[in-house]
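Undergrad: Numbering (the numbering used here), first residue to last: 3 to 248.
Note that CB positions come from ideal geometry on N, CA and C, so glycine has one too.
Remember, predicted model here, so these are calculated numbers, not experimental data.
The structure follows.
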């Protein structure tokens with residue numbers, strides 16, 4: 003009887019990890035194949051389970067973060083607001099139970115950035131808050147990539163007249179990339195890593211440094227040859243710009 007109880011206990015412990023691995027794979031494939039409805043389905047399903055498991059909730063928060071960014075890029079503001087509200091509730095819960103301070107501050111930084119995207123008039127008020135949270139994230143854990151990614155995003159989207167710099171954005175993104183790929187870290191099926199390579203490439207592209215941009219688009223395809231956004235849109239678009247510039 004005791005043996006059966008042990009088996010059941012182990013199974014209950016393993017099940018959430020299996021679910022997380024499955025959801026991570028689904029989100030990854032949705033990202034590389036540009037099927038964001040599938041991404042949305044994953045986060046809706048995860049939300050419906052109303053799990054208080056810390057690991058699952060942190061994963062859900064990451065997927066919500068990615069989907070909100072997509073909604074803003076597609077100008078789906080109403081949808082972005084709805085998912086941002088849900089994400090902030092999850093973030094608040096994780097903060098209350100003492101989840102990693104670096105991650106908490108990094109998402110706060112990102113969410114201030116999203117609010118600026120939804121209401122640009124608030125940039126002068128929310129921009130410094132976003133940057134402060136990114137700084138706190140790095141202070142809490144200088145080896146966690148998310149804080150540097152948010153600093154890079156701030157520099158990327160901030161107009162130069164207000165201090166934005168694509169050069170500084172690249173520096174922050176590369177710091178994050180180095181941390182993501184350090185010994186012992188896995189980037190398999192990680193949409194965050196591919197997104198980071200795209201951010202570096204786009205930063206170079208904004209600076210009209212075609213060769214460097216092409217390098218990072220190709221690096222993304224080396225990691226994932228089926229990355230449709232890069233393969234079918236971003237890289238061909240870059241090559242056309244480069245051709246016109248010759």
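1) Taking the beta carbon of residue 127 as the centre, do at least 16 other beta carbons fall within 10 Å, making it buried, or is it exposed?
2) Which runs of the alpha helix (DSSP H) spanning at least 4 residues fall entirely within the region 138 to 177, listed in chain order?
3) For the region 164 to 175 and the region 197 to 214, state whether three or more C-beta atom pairs, one from each stretch, are separated by less than 8 Å.
4) Using the three-state DSSP reduction, which class does residue 226 fall into: helix, strand or coil?
5) Leaving out the 5 sequence neighbours to the left and right, which residues in its chain are closer than 8 Å to residue 2 when beta-carbon positions are compared?
6) Is residue 232 helix, strand or coil when you go by DSSP?
7) So is residue 45 buried or exposed if we call it buried at 16+ other beta carbons inside 10 Å?
8) Here's the rule: buried if 16 or more other CB atoms are within 10 angstroms of the residue's CB, otherwise exposed. What is residue 29?
9) Expressed to the nearest angstrom, what Euclidean distance is found between the alpha-carbon atoms of residue 246 and residue 236?
10) Taking Cβ positions, are residue 208 and residue 158 nearer each other than 9 Å?
11) When the Cα atoms are used, what is the spatial distance from residue 68 to residue 124?
12) What whole-angstrom Cβ distance do residue 191 and residue 26 have, given they're in contact under 8 Å?
13) By alpha-carbon positions, which one of 80, 179, 95 ends up nearest to residue 120?
14) Let me make sure I understand the geometry here. Which of 131, 164, 231, 162 has the alpha-carbon closest to that of residue 152?
15) Once the 5 residues before and after residue 53 are set aside, which same chain residues still bring their CB inside 7 Å of it?
16) Using 8 Å for Cβ pairs, my map puts residue 136 next to residue 111. What's the rounded Cβ distance?
TA: According to the data block:
1) exposed
2) 147 to 159
3) yes
4) coil
5) The requested residue 2 is not part of the displayed model; the chain covers only 3 to 248.
6) helix
7) buried
8) buried
9) 16 Å
10) yes
11) 22 Å
12) 6 Å
13) 80
14) 131
15) 59
16) 4 Å
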